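So the sequences go chain by chain: A and B. In terms of our numbering, the first sequence opens at residue 1 and continues consecutively. In terms of our numbering, the second sequence opens at residue 1001 and continues consecutively. Glycine is no exception: its CB is placed at the ideal position from the N, C-alpha and C atoms. Everything numeric in this text was worked out from a predicted model, so none of it was measured.
2 protein chains.
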Amino acid sequence: MPTSAPKVVIVGAGFAGLYAAKRLAKLPVEVTIVDKKNHHTFQPLLYQVALAVLSPAEIAQPIRAIFQSAKNVDVLLGEVEDFDLTGKKVMIKGSGLQLPYDYLIVAAGATHAYFGHDQWASLAPGLKTIEDGLEIRRRVLLTFEAAESMAAAEGKYDPLNFVVVGGGPTGVELAGTLAEIARNVLVNDFRHINPAQARVILLEGGPRVLAAYPEDLSRSAEKQLRELGVEVRTNAMVTDIAAKHVRVGSEDLASAVTLWAAGVAASPLGKKLAEKSAAKIDRAGRVQVGNDLSIPGYRNLFVVGDLAAYPDANGHLVPGVAPAAIQMSKAVAANIARDLRHEERKTFHYLDKGSLATIGRSRAVAQLRKLHFSGFIAWLSWALVHIFFLIGFKNRFFVLLDWMWAYFSYQRGARLITDKQ
Amino acid sequence: MPTSAPKVVIVGAGFAGLYAAKRLAKLPVEVTIVDKKNHHTFQPLLYQVALAVLSPAEIAQPIRAIFQSAKNVDVLLGEVEDFDLTGKKVMIKGSGLQLPYDYLIVAAGATHAYFGHDQWASLAPGLKTIEDGLEIRRRVLLTFEAAESMAAAEGKYDPLNFVVVGGGPTGVELAGTLAEIARNVLVNDFRHINPAQARVILLEGGPRVLAAYPEDLSRSAEKQLRELGVEVRTNAMVTDIAAKHVRVGSEDLASAVTLWAAGVAASPLGKKLAEKSAAKIDRAGRVQVGNDLSIPGYRNLFVVGDLAAYPDANGHLVPGVAPAAIQMSKAVAANIARDLRHEERKTFHYLDKGSLATIGRSRAVAQLRKLHFSGFIAWLSWALVHIFFLIGFKNRFFVLLDWMWAYFSYQRGARLITDKQ
């Protein structure tokens, strides 16, 4: 590799960063991909780690392993602290390392947002990382263990209430799967308590769950959740969260475990970029990008994935979902390739291929263009699409086996509680 | 189940406790098994979790899942605080729970011993739990990541020295596998450092590794370790451990990660039992038991597994290995069955079925009675025996697949670093 090859630095190894690096690996450029974690996490299946269906290694892949044979891709475990847009450098926290770039692709994604209530974070964990998943698993399983101990000692136990805040796809998945494992799996595990009596309450601030989906599918999702035993409450605004309590309007709900799936905000790196470049950021912290996904005035600085604010054909913002992140990153890689060939860049157009949300065993909703469907077929489509997009052949194979095993045995293999270290 | 059925309390769900409960589940008794963890850990494969070959859920099984269909077995997540041997009760920490028993089987096992140097514990972690395994994995993988960052920034990096203290089976497995993953797997992952230059130093205080094995197998193990690139030092007494340093005699060794495999001590519950019963404990904290494995004067109080001190046919103590623990627990269950039938108890005799220790891919040593063998056949025997004894059909299947995948692909799937929570 000649040292004169353009240097591309990619910040973040989520879907956007990963697919950008994969495309760029085939070009005569030197790529460095920086992430705080040593692994890419397949976030769509993170809730299955949290609820003991899958193991962390099944939905995560070491970034180095993904690029083992791409010799022009350098992987760096580190946190980006700041950018020097005039000197064209990315500063890494702690190490004093400064990465020079010719092209910079910022794909730092999003994190939980507690809308000004940061004190809720430890009381109601959200689900963005493997560590979040294991913490949620620990809290959920320990609740049943504590109740069993209490029942054995005193003959009674605290109510097994689980409150999920937020009725988007993650909230729906968490609530549905929680109800399912309580009723189908844990019910055989205990002697002194009845896990099937666990209450799972899904709180949605708006008028319907899965607000981004067509109305008929929202209704279907709600129906399917109720069939699983989830109590769905819409127009339910959470006003406070405390230990073992959630306040909804003026009502106090007892909650053994509260999970947060109510909102995300863009990475704070978006704000840093905006400060240095005079780019605009929206209320959620997303950076407004031009039609080649670069920041106006900074032709070689791209923002992609959940951190980017870019309109679709209808004038709405492109949603923060994996397919959009992948499309954006491929578009950027293609425009860099055009630069290298001295061709003109093309405008990015988002193509909405449809949406899939799962609710539980054989339960899901799907929208493919004008087609809406629910139940087993939607669930099978969901499973196939997720297996297909999962990174790593071995992970695909193992997850498929795990799902088949779980489907037929009604067992869940990953019911391990690991202590906080 | 009549409430008049004798109550058996088992402390610990290692091999000894688990097999006792499995046998007792078939008798007209009420069993309660208490453990600090919610899972049984298959300790012989723990080093593979530490070195990123397997995932935690593959070698651990929720105790409740094991006894799901044994309706007379109660599982309690909790830590035993004390015993009331006259009132026949086991006190559980924190919960105020007191478990009454007619029979008590204490199988609390052993833990790392730092021989009076407890300050070494955080500097040189040992390997007894899943959490230990994940911490070792974190330290080992982060060492390579830090070196890669440093090399990218400064063009040089700290020596990649790994020091394993203790040349017993665990030390040999850790050293061999570490050398192997550095040279075969990680070597393709990095761009700025050469993981194959990692030094793995195995320190053994005595004259040979695997001291419990015949001399020819010790020699073979040492040779196989050297072939993998491990520096084996015998008669090497560790005199001090500090951050990044190990002192051997008067020599100072740089060490990026130090692992402790040098000694175990029996659970402190042994001392508690001895105080209350006037049973004798040996220097390692093991409780001396009679020929039915009960404590003299306490006919219904048994100690089994690593916590028990009991002589074999040659007058040596029965070793602290899984087959011995299993034999002891089956013997105790059989004697309880004899009690119920009003028959006489039988004396326990330990049968040494042989020993297997693995060193790396296709490398191992095995002793089956008078037969000694090394290399591929020993390694294959080791693999088959471990698959066979692994708890849970699904785990057997997944571990087998993982091993086949690792064997043919030279990859390791579980290379995830999870942060301390």
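Where the beta strand (DSSP E) through residue i begins and ends
i, result
"K89(A)", "K89 to I92"
"K1007(B)", "K1007 to V1011"
"E231(A)", "V230 to R233"
"Q98(A)", "Q98 to P100"
"G360(A)", "S355 to G360"
"L174(A)", "Where L174(A) is concerned, there is no enclosing beta strand (DSSP E), although the alpha helix (DSSP H) it sits in stretches over P169 to E180."
"L1259(B)", "V1257 to W1260"
"T1086(B)", "Unbroken run through T1086(B): none, as it is neither H nor E."
"L123(A)", "Unbroken run through L123(A): none, as it is neither H nor E."
Environment of residue i [buried if 16+ CB atoms lie within 10 Å]
i, result
"L1225(B)", "buried"
"G285(A)", "buried"
"P100(A)", "exposed"
"I1059(B)", "buried"
"Y1407(B)", "exposed"
"Q119(A)", "exposed"
"A121(A)", "exposed"
"L1340(B)", "exposed"
"T1086(B)", "exposed"
"E275(A)", "exposed"
Three-state secondary structure (DSSP) of residue i
i, result
"G1017(B)", "helix"
"F389(A)", "helix"
"R338(A)", "helix"
"T1143(B)", "helix"
"R1044(B)", "A quick correction: the sequence has Pro, not Arg, at residue 1044(B). Of the three classes helix, strand and coil, the one that applies to P1044(B) here is helix, per DSSP."
"L24(A)", "helix"
"I1295(B)", "strand"
"N1194(B)", "coil"
"E148(A)", "helix"
"I1417(B)", "coil"
"T1347(B)", "coil"
"N1300(B)", "strand"
"A1313(B)", "coil"
"F985(B)", "The structure shown does not extend to residue 985(B), since chain B is modelled only from 1001 through 1421, so no value can be given for it."
"D1158(B)", "coil"
"D306(A)", "helix"
"A1322(B)", "helix"
"E251(A)", "strand"
"W1403(B)", "helix"
"V1029(B)", "coil"
"L380(A)", "helix"
"D1352(B)", "coil"
"V1049(B)", "helix"
"R283(A)", "coil"
Residue i, enclosing alpha helix (DSSP H) - first and last residue
i, result
"D1074(B)", "From DSSP, D1074(B) is part of no alpha helix (DSSP H) but of the beta strand (DSSP E) over V1073 to L1077."
"E1058(B)", "P1056 to I1059"
"R1226(B)", "E1215 to E1227"
"S277(A)", "L269 to S277"
"I1063(B)", "I1063 to I1066"
Whole-number beta carbon distance between residue j and residue i, since they are thought to touch under 8 Å
i, j, result
"S267(A)", "A65(A)", "Not really, about 24 Å apart at Cβ, beyond 8 Å."
"V287(A)", "A309(A)", "6 Å"
"G1126(B)", "H1112(B)", "3 Å"
"I105(A)", "I193(A)", "Contact flag wrong, Cβ pair sits at about 51 Å."
"F1162(B)", "A1256(B)", "6 Å"
"T1418(B)", "I417(A)", "That pair is no contact at about 14 Å."
"G133(A)", "A179(A)", "18 Å between Cβ atoms; not a contact."
"K272(A)", "D82(A)", "6 Å"
"L253(A)", "V232(A)", "L253(A) to V232(A), Cβ: 14 Å. No contact."
"H372(A)", "P159(A)", "Not quite, the Cβ-Cβ distance comes to about 37 Å (not below 8 Å), so this is no contact."
Check: residue i C-beta below 6 Å from any heavy atom of the ligand NAP
i, result
"L1203(B)", "The model depicted lacks the ligand NAP and carries no ligand whatsoever."
Check your understanding: Between the segment 1291-1309 of chain B and the segment 1041-1054 of chain B, are three or more C-beta pairs nearer than 8 Å?
Key -> As far as the Cβ criterion goes, the segment 1291-1309 of chain B does not touch the segment 1041-1054 of chain B, which means the pair count is below three.
Check your understanding: For the segment 255-269 of chain A against the segment 169-188 of chain A, are there 3 or more C-beta pairs whose distance is under 8 Å?
Key -> As far as the Cβ criterion goes, the segment 255-269 of chain A touches the segment 169-188 of chain A, which means the pair count is three or higher.
Exercise for review: Decide if the segment 314-329 of chain A is in contact with the segment 346-353 of chain A; the criterion is three or more beta carbon pairs, one per stretch, under 8 Å apart.
Suggested key: Yes, the segment 314-329 of chain A touches the segment 346-353 of chain A.
Exercise for review: For the segment 1023-1039 of chain B and the segment 1159-1166 of chain B, state whether three or more C-beta atom pairs, one from each stretch, are separated by less than 8 Å.
Suggested key: Cβ pair count under 8 Å is below three, so no.
**Study point:** the segment 1009-1018 of chain B touching the segment 391-400 of chain A, judged by at least three CB pairs closer than 8 Å
**Key:** The segment 1009-1018 of chain B is not in contact with the segment 391-400 of chain A.
Check your understanding: Do three or more CB pairs link the segment 355-372 of chain A to the segment 196-215 of chain A at distances below 8 Å?
Key -> Under the three-pair Cβ rule at 8 Å, the segment 355-372 of chain A counts as touching the segment 196-215 of chain A.
Review point. Looking at C-beta atoms only, is the number of pairs between the segment 75-95 of chain A and the segment 231-248 of chain A that lie closer than 8 Å three or more?
Key: With a cut-off of 8 Å, the segment 231-248 of chain A and the segment 75-95 of chain A do not count as touching, because too few Cβ pairs lie within range.
Exercise for review: State whether the segment 139-157 of chain A contacts the segment 290-300 of chain A, with contact taken as three or more CB pairs (one from each stretch) at a distance under 8 Å.
Suggested key: Output reads no: the segment 290-300 of chain A does not touch the segment 139-157 of chain A.
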